[in-house]
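Student: Residue numbers (the working numbering): 3 to 1188.
We put the beta carbon where it would ideally sit given N, CA and C, even for glycine.
Below is a structure I'd like to ask you about.
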């Protein structure tokens, strides 16, 4: 056996093991031929084929590693949570219930977690600390909040059956017990928590030591048993994204009919064969069917306790409504009396597979059964699997609602009926009845009684397919004798509602009688008969006819969401009262729900409803949450819209748009678009025996314009495409009755597109024009002025008050006047005729990448891609090489020439690049290339002469200044790349991309093997076309000026802590002095703080020379601080000299403030002896270094 596993494959984006709820899924035995393996199942089966043979013959179960960790709550306390330690998860997640229990502070987040079942939008996150149980190890973890996680393991495992040692301290002592999971610790925590220690049990489990304790997980191999055929594995389930469903209102979509394929997962391709093989007839003539399954019923866990809880909750609710409780009892009593369910004895309770909870739905407008019991087969059992999870849903077998309504409007005489208790007229087999059991009791004081349901049950996934397929089977049984009856049963039913029509009352009466008898043979009686002609229902008893109800001022019956008045053969729109309620506060969710209740399957009131669609699109632009209140302006607009809706109840639309057998039938379609919406409307015009023409509105469609702005001509073309798709659906109903078709648009641009060759336009226009031309004739498309286009009010929308005006309603229901007087009276605008006569032009493709260069590379279609061009020329070079290898003459010239096969190698790609460079040089420098190939040199007057070019293997290389450098040959002899060739920029762009847009690396990378004139200019030409690089460079070189820090602005004088020294003498012999030498002394000024040094040359070691040297330093560097020096006579005398200098010098010669500063202590001497390399010895070090 094999098992399904939703975790077999994983998305490349951020993944999360688990999504919402977990479902179990397992293999089907040979008794169920309908099981279709999913991609994950096939993956697991493929892995199973790689296992040893002994393993595949055993029962294998997977056990995930779980830990009990301490998580710090917002209250400062540690809480124990049971977590999955998952190395396959890239994030850490926590359930919303656990986050609420820990009172964690949640922050908004925008993350999409991808899993097997699709993306999960995460809107909240939190950060907390996770530690092991003894608190010796902890780490900070960022959790994303998800709805819930499944219980693990799916089946409890006894400690004795696992084979794990009992003396170990496990991270989760209850690793084998089924229990809730609070969080997922991802790969980061997993690998950080591992410590040395690994063991394996004889049953296949792996035991790994960690900071949390010993982890237990892996595949557990058990002995196979005869009845062990199913394995359970968590399957991720997903719910439809409501946002995506609502956005379908304004995406660019079509009106094509839904495909008649499976509408959900689980549909098996051999479902038809299964129905034929397993369906039989009961003694009463009814069908007995088998429920198709895609899994095994052994996957279902205990559902009895859940059924008990649901019944108790239902009883508490019904006790508050005694009248509803009485109707509920009556319904269940009828169920029991008809034999549709039977009680289960206590001895047979062990055979119960699944208990279905049930509730009620109240339909006050129903004339037969106002209360109906519905069954919830989607309720999860203890294993996390419901009955609906195991059933095949099946394909759609009946026509859609638009098809039913169009056919109903195209007949002279019509009738409707309904199958009484359709689902309950079909039996299920004895075996399947044990999987659809219920609990019920009339009074709370009575014991609960279990019952088996013996019929197809409403609420199960496969019930709709089984009921519709059995209905069609009843029609196929009479196809040989009466094919018209079989066609009505196949095409006239929408679930259990029948609508049929004919040209006369006699024909319709025969059809009704034939259909009733064919279905009655299989136990499907028709009830609620209604017709616009009383003669049709002569054979129908009065109690089998539909009882009309008072709707407005007329008697009407309900038909597929609308009200039909058989007496005057009109129908009217049904508007729910809750939609009309005035409101002051309205959330986005409530507003969307109200708009969705505006039901108009034919499109008669589409001009009004499209206004609500526009309002919903405007609501989407505000980007509100589902429970956020909409703006007061939106509420005011909605209240004004709903205040006018009651006026539509007064409208009575004729039911018949055209008779069943008209002499002529013409279809006219109009389309129009505005910036807010686009739509189409279809009219049918028929001529009676007297020659009178009558035009009636058949149907219409509208779409809200996309949120992404589109040009008006494109929206007009989109409206024309919508009209074409709608006509395709109409044509399936009308068949060959249509004699003429005309299509009208007020957009001359759209008409020009439709009438011309579609190869002239871009992809958007081309695709839609080809679709229009395939479904309609180009000659039938005509121009209509906007004032005469009824689709104009569909595209712009109109209020209900304006629509019910007599002139507007006449124009809308009967179309423009020229339809009844003849379409030829409407003139065609001359501008369109002139555009239509324009001959198709041959497309001209111009690529300007640089200077004009006509050669093989510039004309190559992929020359803008460096990788493609090099690869393609590499294949070309290999082809040339292989052709030469076939020639004996070439092989003689080149002894090493051999044919090459297989994929391209690095050498092949390099040869392809060299082939491109040869062609580039031959194109840009033909004269130089010819001279180099023939003579090996170029003329001295050539502009390339100064580059000292050489020819190597047919390539011109630059013999530059790097011949003696220890570089590769390519770097020492770079290839000359013509700057004027377009492919040179392609090469620069490729190097620019490969070096991650680094500017300096481009120059280095290009210069390592190539040489081009003015590389910086060529690179600037490439860079200016790269928007992001230009933006980055502009930001790098245009930084705004900011304030400097305080530490940068501190004022510090030069030499704040100076020290002075004096050493010499030094002898110099100069040319100018002749044989006499020059003796000098050096005065040293050092700074203890910054270790700066300043030297002054003195002519003698006298005190006067010292004073003059100090003064020179003052004028050059500024006044230093107090001087530290040795207690020698020079500095002692210098101090005296400075004091005497103040009185000797004239104040006029020197600024007074200078001498005042000097006198204040600038040249204050501090005398002490040298002490090595510190204190005063710093200048001695400078002297020795000097």
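#1: On the DSSP bridge assignment, give the partners of residue 1060 in chain order.
#2: Measuring CB to CB, does residue 292 end up less than 8 Å from residue 391?
#3: Which of the three DSSP states is assigned to residue 682 in this structure?
#4: Tell me the rounded alpha-carbon separation between residue 286 and residue 344.
#5: In whole angstroms, what separates the C-alpha of residue 619 from that of residue 306?
#6: Measuring only the C-alpha atoms, how far is residue 718 from residue 623?
#7: What are the partner residues of residue 72, as DSSP defines its beta bridges?
#8: Would the region 716-732 count as touching the region 759-770 if we require 3 or more Cβ pairs under 8 Å?
#9: Suppose you measure from the CA of residue 715 to the CA of residue 701; what does that come to, to the nearest Å?
#10: Do residue 1089 and residue 1068 have their beta-carbon atoms positioned less than 8 Å apart in this structure?
#11: Here's a check: name, in chain order, each residue in its chain whose Cβ is nearer than 6 Å to the Cβ of residue 878, leaving out the five neighbours to either side.
#12: Among 330, 389 and 411, whose alpha-carbon lies nearest the alpha-carbon of residue 372?
#13: Would you decide whether residue 382 is buried or exposed? Buried here means 16 or more other CB atoms lie within 10 Å of its CB.
#14: I'd like to confirm the pairing. Which residues does DSSP put opposite residue 343 in its beta bridges?
#15: Taking residue 585 as the reference, which of 386, 633 and 194 has the closest Cα?
#16: With respect to the beta strand (DSSP E) encompassing residue 561, which residues constitute its N-terminal and C-terminal limits?
#17: In three-state terms, what does DSSP make of residue 88?
#18: Going by beta-carbon coordinates alone, are residue 2 and residue 154 separated by less than 8 Å?
#19: Report, in whole angstroms, the separation of the C-beta atoms of residue 688 and residue 707, which I expect to be a contact under 8 Å.
#20: Assuming residue 164 contacts residue 203 (C-beta within less than 8 Å), just tell me the rounded distance between them.
#21: Taking Cβ positions, are residue 500 and residue 420 nearer each other than 8 Å?
#22: Quick check on residue 134: buried or exposed, where buried means 16 or more other Cβ atoms within 10 Å of its Cβ?
#23: Report the partner residues of residue 127 according to the DSSP bridge assignment.
#24: In the DSSP assignment, what are the bridge partners of residue 363?
#25: Among 881, 1098, 473 and 943, which residue has its Cα nearest to the Cα of residue 525?
#26: For residue 339, tell me which candidate among 297, 352, 407 and 455 has the shortest Cα-Cα distance.
#27: Only counting the same chain, and skipping five residues up and downstream in sequence, which positions put a Cβ closer than 6 Å to that of residue 143?
#28: Round the Cβ separation of residue 2 and residue 973 to the nearest angstrom and send it over; I've been treating them as touching at under 8 Å.
#29: Less than 7 Å between C-beta atoms, sequence neighbours within five positions excluded: which residues of the same chain meet that for residue 967?
#30: Using only CA atoms, which one of 591, 577, 570 and 678 lies nearest to residue 612?
#31: Is the region 402-417 touching the region 485-505 in the sense that three or more CB pairs, one from each, lie closer than 8 Å?
#32: CA-CA distance, residue 437 and residue 389?
#33: Three-state secondary structure (DSSP) at residue 567?
#34: How many angstroms separate the CA atom of residue 304 from the CA atom of residue 380?
#35: With distances taken from CA atoms, which of 872, 208 and 803 is nearest residue 908?
#36: Just curious, the beta strand (DSSP E) that residue 783 is in, first and last residue?
Tutor: From the atom records:
#1: 1089
#2: no
#3: strand
#4: 18 Å
#5: 46 Å
#6: 23 Å
#7: 82 and 133
#8: yes
#9: 24 Å
#10: no
#11: Within the same chain, residue 878 has no close Cβ partners at all.
#12: For the options 330, 389 and 411, the alpha carbon positioned closest to that of residue 372 is the one of 330.
#13: When all chains shown are included, residue 382 counts as buried.
#14: 455
#15: 633
#16: For residue 561, the enclosing beta strand (DSSP E) covers residues 556-561.
#17: coil
#18: Lying before the first or after the last residue shown, residue 2 is absent from the chain, which here runs from 3 to 1188.
#19: The Cβ separation is near 34 Å, so there is no contact.
#20: Indeed they touch by this definition, with Cβ atoms about 7 Å apart.
#21: yes
#22: buried
#23: Per DSSP, the beta bridge partners of residue 127 are 109 and 146.
#24: Looking at the DSSP assignment, residue 363 forms a beta bridge with 374.
#25: Ranking the options by Cα distance to residue 525, first place goes to 473.
#26: It is 455 whose Cα lies nearest to the Cα of residue 339.
#27: Cβ-Cβ distances below 6 Å link residue 143 to 94 and 132 in the same chain, with the five nearest sequence neighbours on each side left out; the list follows chain order.
#28: Nothing can be reported for residue 2, as the shown portion of the chain is limited to 3 through 1188.
#29: Closer than 7 Å at the Cβ level, and outside the excluded window around residue 967, lie 974.
#30: 678
#31: yes
#32: The straight-line gap from Cα to Cα measures roughly 8 Å.
#33: strand
#34: 14 Å
#35: Measuring C-alpha to C-alpha distances from residue 908 to each of 872, 208 and 803 identifies 872 as the nearest.
#36: 783-785
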